[in-house]
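K.L.:
Using the working numbering, the letters of the sequence shown correspond one by one to residues 211 to 588.
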Amino acid sequence: MARFDRYMLSQLMMLFGFFALVLVLVYWVNSAVQLFDQLVADGQNLSVFLELTMLGLPSLIRLVLPIAGFIAALYVTNRLSADSELTVMRATGFSPFRLARPVLVFGLVAGLLTGALTVVINPMAQARLAEREADIARSATARLLQEGQFLSPVSGITVYIRDITPEGELRDLLISDNRDPEESVTYTASSAYLVETAQAPQLVMISGLVQVLRRETALLSTTSFEEFAYDLAPLTQGDGQERIRARQVATRDLFFPTPELMEATEDSAAELVGEAHERIAAALLAAAAPLIGFATLLLGGFSRFGLWRQILLAIGLIIVVHSLESVAASAMRGDPARWPMIYLPGTVAFVIAAVELGLAARPARRGIGRRRRTERLS
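1) With contact counted as at least three CB pairs below 8 Å, one residue from each stretch, are the region 472 to 492 and the region 540 to 557 in contact?
2) Answer with buried or exposed for Ser478, where buried requires no fewer than 16 other C-beta atoms within 10 angstroms of its C-beta.
3) For the region 493 to 580, which segments carrying the alpha helix (DSSP H) assignment without a break, of at least 4 residues, lie completely within its bounds, in sequence order?
4) DSSP three-state call for Ile454: helix, strand or coil?
5) Rounded to the nearest angstrom, how far is the Cβ of Leu509 from that of Ile562, given a contact under 8 Å?
6) Just to confirm the assignment, what range does the beta strand (DSSP E) spanning Asp441 have?
7) To the nearest angstrom, how far is it from the Cα of Leu495 to the Cα of Leu267?
8) With a CB to CB cut of under 6 Å and the five nearest residues on each side skipped, what residues in its chain are close to Arg580?
9) Can you tell me whether Tyr285 is buried or exposed? The criterion is at least 16 other CB atoms within 10 Å of its CB, across all chains shown.
10) How is Ser478 classed by DSSP in three states: helix, strand or coil?
11) Are the beta-carbon atoms belonging to Ile385 and Tyr397 less than 8 Å from one another?
12) What residue from Met218, Ile271, Ser257, Leu260 has the CA that sits closest to Asp235's CA?
13) When the Cα atoms are used, what is the spatial distance from Val565 to Ala505?
14) DSSP on Asp293, reduced to helix/strand/coil?
15) Give the DSSP bridge partners of Arg381, in chain order.
16) Can you find at least 3 beta carbon pairs, one from the region 304 to 312 and one from the region 425 to 436, that sit closer than 8 Å?
17) Could you spell out where the beta strand (DSSP E) holding Leu423 opens and where it closes?
18) For Val590, report the span of its alpha helix (DSSP H) as first-last.
19) Just how far apart, CA to CA, sit Val315 and Met223?
20) Does the count of Cβ pairs from the region 516 to 523 and the region 294 to 305 closer than 8 Å reach three?
21) When the Cα atoms are used, what is the spatial distance from Leu327 to Glu473?
22) Per DSSP, which residues does Glu393 bridge with? Please list them.
23) Out of Ser417, Thr461, Gln412, state which residue places its alpha-carbon closest to the alpha-carbon of Tyr440.
24) Under the DSSP definition of a beta bridge, which residues are partnered with Asp387?
25) Once DSSP output is grouped into helix, strand and coil, what is the label at Phe304?
26) Identify every residue that forms a DSSP beta bridge with Phe360.
27) How far does the alpha helix (DSSP H) with Thr461 in it reach, from first residue to last?
28) Evaluate Met218 with the Cβ neighbour count: other Cβ atoms within 10 Å of its Cβ, from every protein chain shown; 16 or more gives buried, anything less gives exposed.
29) In or out: Ile281 buried (at least 16 other Cβ within 10 Å) or exposed?
30) With DSSP run on the structure shown, which of helix, strand or coil describes Thr287?
31) Label Ser220 either buried or exposed according to how many other C-beta atoms from any shown protein chain fall within 10 Å of its C-beta, with 16 as the threshold for buried.
32) Compute the Euclidean distance between the alpha carbons of Ala541 and Ala337, then round it to the nearest angstrom.
33) Do you know offhand how far Ser401's Cα is from Glu357's?
34) If you drop the 5 nearest sequence neighbours on each side, which residues of the same chain put their C-beta closer than 7 Å to that of Tyr237?
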């Protein structure tokens with residue numbers, strides 16, 4: 211690789227890392243605050259928050275990398291043009307296609323990183339994230355151990371705890387069970403303890419009262435107790451096995467879906483294959499985005515007033531390409547057999563970059579031709 215290629219590629223990679231880090235932090239702070247508030251409200255500790263945050267990062271980075279690559283290409287090209295470095299390189303005989311070589315290498319690196327995230331890392335992280343969310347949803351402490359709040363972990367049951375001591379004692383407990391349409395049962399206890407068992411956690415209540423109200427006769431019966439064990443299995447277990455999302459499935463399995471996988475995801479074979487192609491298409495678009503930024507700015511050449519027109523044009527083109535991505539995704543969801551359309555945005559992006567590079571080369575050739583004709587006349 212020529213010295214100029216190494217120089218430009220190093221600039222692109224450095225700014226790519228900087229912009230990616232900034233964008234990830236901006237998006238992460240916004241999502242982390244909401245996640246932290248939710249986990250704190252559910253009674254989870256800091257380690258759960260960090261684990262869920264790390265599992266959500268691949269999905270976030272996957273969205274940020276194409277944007278960071280495009281911005282890095284714009285910034286580096288604009289700076290090289292302002293410093294007349296691109297003008298000098300073109301004066302030495304470098305064509306726009308030759309100048310685009312380090313940008314193409316940079317785009318391939320960005321595309322490979324995006325592909326690694328979308329094809330391999332993100333599905334694994336999403337699958338693990340779904341498991342951890344299911345564990346948290348089944349956790350009795352996340353659903354019940356919140357003091358001073360009326361909670362309804364399942365329909366028809368309301369739980370209230372006035373205070374929770376550092377030793378884990380629940381003080382002034384109330385459980386209202388209205389699942390039976392014929393009667394309402396209310397449990398009250400001065401204190402209670404959560405006991406883990408092999409099947410499901412149980413709530414051992416101390417010094418309490420059971421009140422049963424028969425709705426048909428409006429008859430209320432009460433029973434006091436010294437100790438009473440309440441099974442929390444209906445409160446901490448879901449109604450059944452949750453559906454597996456296609457984004458949680460490995461890409462290899464999406465290309466060769468089995469009947470069991472289609473039943474678990476409730477998606478057809480064409481839909482699963484389309485999801486796999488959509489992951490690969492995201493890497494293709496990430497590779498093409500820097501080329502659009504570079505080629506568009508190269509149309510302007512050197513200007514004392516900057517390349518703000520070309521920058522706006524590049525932003526407009528990338529918006530158009532992403533609009534095509536939305537259109538292709540909608541068309542594929544309507545008919546999964548149209549999965550080749552998902553590669554249309556990336557292909558169009560490369561075509562736009564090639565056309566712009568060709569247009570950028572024409573003024574230089576016309577200038578050389580005029581100079582030669584002038585020399586012949588003289």
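Backbone N, C-alpha and C fix where the C-beta goes; we use that ideal spot for every residue, glycine too.
P.N.:
In brief:
1) yes
2) Position 268 of the sequence shown, counted from the start, is the residue given in the question as residue 478. Result: exposed.
3) 518 to 544
4) Residue numbering aside, residue 454 sits at position 244 when the sequence shown is read from its first letter. Here Ile454 sits in coil by DSSP.
5) As a first step, residue 509 is located in the sequence shown; it is residue number 299 there, counting from the start. As a first step, residue 562 is located in the sequence shown; it is residue number 352 there, counting from the start. 11 Å between Cβ atoms; not a contact.
6) On the sequence shown, residue 441 is found 231 positions in, with the first residue counted as 1. Start and end: 429 to 441.
7) Position 285 of the sequence shown, counted from the first residue, corresponds to residue 495. Position 57 of the sequence shown, counted from the first residue, corresponds to residue 267. Using only the alpha carbons, I get a separation of about 20 Å.
8) Here residue 580 corresponds to residue number 370 of the sequence shown, with the count starting at 1. Confidence at Arg580 is low in this model, with a pLDDT of 44, below 50, so its placement is unreliable and the value that follows should be read with caution. Excluding residues within five positions, none has a Cβ falling inside 6 Å.
9) Sequence index remark: in the sequence shown, residue 285 carries index 75 (1-based). Its Cβ being crowded by 16 or more others within 10 Å, Tyr285 is buried.
10) Walking along the sequence shown from the start, residue 478 turns up at place 268. Looking at Ser478 - three-state DSSP - the assignment turns out to be coil, as it is neither helix nor strand.
11) For the purposes of this step, residue 385 is taken as the residue at position 175 of the sequence shown. For the purposes of this step, residue 397 is taken as the residue at position 187 of the sequence shown. Yes.
12) Your numbering for residue 235 matches position 25 in the sequence shown. As written in the sequence, residue 235 is Leu, which differs from the Asp given in the question. Of the listed residues, the one whose Cα sits closest to Leu235 is Ile271.
13) Sequence index remark: in the sequence shown, residue 565 carries index 355 (1-based). Sequence index remark: in the sequence shown, residue 505 carries index 295 (1-based). When rounded, the distance between both Cα atoms is 9 Å.
14) Position 83 of the sequence shown, counted from the first residue, corresponds to residue 293. Asp293: coil per DSSP, three-state reduction.
15) What you label residue 381 is simply residue 171 of the sequence shown in a count that begins at 1. DSSP, once it has assigned bridges, lists Asp373, Ser401 as partnering Arg381.
16) no
17) Residue 423 sits at position 213 when you count from the first residue of the sequence shown. 412 to 424 is the extent of the beta strand (DSSP E) around Leu423.
18) With the chain represented from 211 up to 588, any question about residue 590 goes unanswered, as that position is not in the structure.
19) Locating residue 315 in the sequence shown gives position 105, where the first residue counts as 1. Locating residue 223 in the sequence shown gives position 13, where the first residue counts as 1. Distance between the alpha carbons of Val315 and Met223 is about 10 Å.
20) no
21) For the purposes of this step, residue 327 is identified with residue 117 of the sequence shown, where counting begins at 1. For the purposes of this step, residue 473 is identified with residue 263 of the sequence shown, where counting begins at 1. When rounded, the distance between both Cα atoms is 26 Å.
22) The residue you call residue 393 lines up with position 183 of the sequence shown. DSSP lists Arg424 as partners of Glu393.
23) Within the sequence shown, numbered from 1, the residue matching residue 440 stands at position 230. If we check each option's Cα against that of Tyr440, Gln412 comes out closest.
24) Along the sequence shown, read from residue 1 onward, the residue named residue 387 stands at position 177. Paired residue(s): Ile367, Val395.
25) Taking the first residue of the sequence shown as position 1, residue 304 is located at position 94. Three-state result, Phe304: coil.
26) For the purposes of this step, residue 360 is taken as the residue at position 150 of the sequence shown. Answer is Tyr370, bridged to Phe360.
27) Along the sequence shown, one-based indexing puts residue 461 at 251. Taken as a continuous stretch (DSSP letters only), the alpha helix (DSSP H) holding Thr461 covers 461 to 465.
28) Looking up residue 218 in the sequence shown gives position 8. Classification of Met218: buried, given that the 10 Å Cβ count is 16 or more.
29) Here the question's residue 281 lines up with position 71 in the sequence shown. By the 10 Å Cβ count, Ile281 comes out buried.
30) Indexing the sequence shown from 1 puts residue 287 at position 77. DSSP places Thr287 in helix when its eight states are reduced to three.
31) The residue labelled residue 220 in the question sits at position 10 within the sequence shown. Ser220 is exposed by the Cβ-count criterion.
32) Position 331 of the sequence shown, counted from the start, is the residue given in the question as residue 541. Position 127 of the sequence shown, counted from the start, is the residue given in the question as residue 337. Answer to the nearest angstrom: the Cα atoms are 27 Å apart.
33) As a first step, residue 401 must be located in the sequence shown, where it is residue number 191. As a first step, residue 357 must be located in the sequence shown, where it is residue number 147. So the two alpha carbons sit approximately 13 Å from each other.
34) Residue 237 sits at position 27 when you count from the first residue of the sequence shown. Excluding positions up to five away in sequence, the list reads Leu270, Val274.
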